[in-house]
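Visitor: Take the sequence shown: its letter number 228 is residue 227 in numbering that gives the first Met the number 0, and every next letter is one higher.
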Amino acid sequence: MKNWKKIIILLVIFVIFLAAFIFLNGNQGKPDNGNETPSPTDAISSDEIKLIDIAQEDISKIILKREDGEFILTKEERDIETLVANDDGTTKKVTEKKKVWVNPSFDVDNDLVEDIVSAAATVTTKRLIDETPADLTIYGLDNALITTFVSSEGKEVSIEIGNLTPKQDSYYVRKTENSAVYTIDSYKGETLIYGKFDVMSKNLYGTEALTSEDFNTLIFSRDGKEVFRAEKIIASADWRITGPALEREVNTSEFLKFPEWLKSFRVKEFVEENPSDLKIYGLDSPQYVFDYTLNNEIYRLMLGAKNEDEYYAMMESNNTVFTIGATELNFVDLPLKDLVSMFAYIPMIYDVEKLVIEIDGRTDILLIDDSQEEGAISEFYFNGQKIENDDQEDMFRKYYQGAIGIMGDKIDLDSIPTGEPAVRLTYTMKKANPDKLVEVELIPTNDGYGYFIMKNDKYTGLVIGERKLHDESNTGIRKAYENLSEVLSKTE
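(1) Below 8 Å between beta carbons: does that hold for Lys49 and Thr123?
(2) Can you give me the Cβ contacts of Ser377 inside the same chain, cut-off strictly under 6 Å, excluding the 5 residues immediately before and after it?
(3) Within this structure, are the beta carbons of Ala343 and Met406 separated by less than 8 Å?
(4) Can you tell me which of the three DSSP states Leu436 falls into?
(5) Can you give me the start and stop residues for the beta strand (DSSP E) that Glu481 sits inside?
(6) How many angstroms separate the CA atom of Leu282 from the CA atom of Phe70?
(7) Could you tell me the alpha carbon to alpha carbon distance between Asn34 and Thr206, rounded to whole angstroms?
(8) Among all the DSSP beta bridges, which residues are the ones paired with Pro443?
(9) By alpha-carbon positions, which one of Ile323, Glu159, Met453 ends up nearest to Leu245?
(10) Can you tell me the Cβ-Cβ gap for Pro258 and Val180, rounded? I've got them flagged as a contact below 8 Å.
(11) Excluding the 5 residues preceding and the 5 following Arg77 in the sequence, name in chain order all residues of the same chain whose CB lies nearer than 6 Å to its CB.
(12) Among Lys267, Thr319, Leu338, which residue has its Cα nearest to the Cα of Val226?
(13) Alpha helix (DSSP H) containing Thr251: first to last residue?
(14) One question on the structure: do Thr190 and Ala234 come within less than 8 Å of each other, judged by their Cβ atoms?
(15) From the DSSP secondary-structure annotation, give me the bridge partner or partners of Ser384.
(16) Below 8 Å between beta carbons: does that hold for Lys478 and Asp470?
(17) For Ile297 and Pro103, what's the separation of their Cα atoms in angstroms?
(18) Nearest-angstrom Cα distance between Arg396 and Val266?
(19) Leaving out five residues before and five after Tyr380 in sequence, what residues of the same chain have Cβ atoms less than 6 Å from its Cβ?
(20) Can you tell me whether Ser211 is helix, strand or coil according to DSSP?
(21) Looking at the secondary structure, which residues open and close the alpha helix (DSSP H) in which Lys467 lies?
(22) From Thr322 to Val93, what does the alpha carbon distance come to, in whole angstroms?
(23) DSSP three-state label for Tyr186, please.
(24) Indicate the three-state DSSP secondary structure (helix, strand or coil) for Val107 in the structure shown.
(25) Between the C-alpha atoms of Asn162 and Asn142, what's the straight-line distance to the nearest angstrom?
(26) Starting from Ala343, follow the alpha helix (DSSP H) in both directions and report where the run begins and ends.
(27) Smallest Cα separation from Asp222: which of Tyr426, Glu75, Glu357, Val331?
Here is the structure:
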């Protein structure tokens, strides 16, 4: 009897569990308020289908319908210029025909559009969520982003992409002609919802085939004030500062950072098109402005406010605000003295045949016959005395180095030099380039600091301190003279 009671109790418990299981299973996916619409989840079905049945190589047109408009991308054959390396390490520009993605209103990042095409050709659904959804707002498909792919034969397939799933690992999607809602991988979903700013080329020049040699002129302004203007000398391809008040050769190690960066900079992110208020980005009064010609095209790049590790920027010809990384712009605050050559005149000894140095009440005449040609014999005279041995030649060369080593230690663009020169160096060149005679003069400053540096009767804008002429190193001009005189006196 006791055994029957136990069996009955076990049967009752089993029936209760079975009823509970049936009840819960029947209500799975229903929200608490009893609404019959299933909640967003990717755990209902494992049905997997191919969303876009067009082969990757057949996709020739993409239509992006986004909140800010509709954008059409087409694949067309264009002449593309690239840089090709030569055997000697130089590069040359080569033009070849390629099929690339284009838009009539903006330059397209071909690689990113190819990512879209690849995603379209390979994307498959992860789960079937709802075959006949009653409420598309649950999935963000009431106002979906629509991406349409068109084959070369005219076949069109459109997909609508909604929200991320609660787990953030999938997007809700459906085909435009089909009501069923699926999920797809979030990575491919992100690619398939690219908008205009995503596919716009971050190279604002429209070509990768650029070198520093393509620059012709450059004007740089900082905080509304012109720092320098420069142009490239066609014959030598060297840069020269031409203004606003200074004409000098450039200090290549620092100056070339400007054209090198301008050639290679890329947009970090596009921010706003046709901005109504430039003040938001500090572009109503830019911190830095670059005016330059590149491949005979005129550009004006403006940098505004700095936001952590990036600047807001805009090209004058393209009314779109974008950001650029600030880490590579550490040269924009360099003082002018770091960008120009501070040497008074620094010719190679091989190019000079005579140097006359007038200093400290005496006149020294250096006659030079030197050559870089292999096997050539050098010949030097100092005040009529022939240089005979290696020690003498070493000291002669150091005296020459002391002369060409005269350089400014600061820039003064406000002063007007007056008075007689205390030091004069007259170079006679082997060939006029462009001058046969070059004269460097040092005129004392009014405050006793040192000397204004003149070149061919024109103020260079450079000032050298008196202490520089008393430099005790072997190449200081006064010390170098003493050393040369000492070694020559030993042979008299």
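Even glycine gets a Cβ: it sits at the ideal position worked out from N, Cα and C.
Guide: Once the coordinates are examined:
(1) Contact: yes.
(2) Excluding residues within five positions, the ones whose Cβ falls inside 6 Å are Asp369.
(3) The Cβ atoms of Ala343 and Met406 sit closer than 8 Å to each other.
(4) Correct three-state label for Leu436: strand.
(5) Premise fails: Glu481 lies in the alpha helix (DSSP H), 476-488, not in any beta strand (DSSP E).
(6) Taking the straight line joining both Cα atoms gives about 28 Å.
(7) In this prediction, Asn34 has a pLDDT of 42, which is less than 50 and means its spatial position is unreliable; what the coordinates show is noted afterwards. If I take the Cα positions, the gap works out to 57 Å.
(8) Bridge partners of Pro443: Tyr450.
(9) Checking every option, the nearest Cα to that of Leu245 belongs to Met453.
(10) The beta carbons of Pro258 and Val180 sit about 54 Å from each other, so the pair does not count as a contact at 8 Å.
(11) Cβ contact annotation for Arg77 (same chain, cutoff 6 Å, sequence separation greater than five): Val99, in chain order.
(12) When each option's Cα is compared against that of Val226, the closest is Leu338.
(13) It spans 251-254 - the alpha helix (DSSP H) in which Thr251 sits, taken as one unbroken run.
(14) In this structure, Ala234 does not lie closer than 8 Å to Thr190 by Cβ.
(15) The sequence as given places Gln at residue 384; Ser does not occur at that position. According to DSSP, Gln384 bridges with Phe381.
(16) Contact: yes.
(17) If you take the alpha carbons of Ile297 and Pro103, they lie about 21 Å apart.
(18) Linking Arg396 to Val266 through their CA atoms gives a straight-line distance of about 51 Å.
(19) Non-local C-beta neighbours of Tyr380 in its own chain, meaning closer than 6 Å and more than five positions away in sequence, comprise Leu366, ordered along the chain.
(20) Helix, per DSSP.
(21) Here the alpha helix (DSSP H) through Lys467 covers 465-468.
(22) Spanning the two alpha carbons is a distance of roughly 31 Å.
(23) Annotated three-state conformation of Tyr186 is helix, per DSSP.
(24) Three-state result, Val107: strand.
(25) Roughly 10 Å separates the two Cα atoms.
(26) Counting along the chain, Ala343 falls outside any alpha helix (DSSP H), and DSSP gives it neither H nor E.
(27) That would be Val331, whose Cα lies nearest to the Cα of Asp222.
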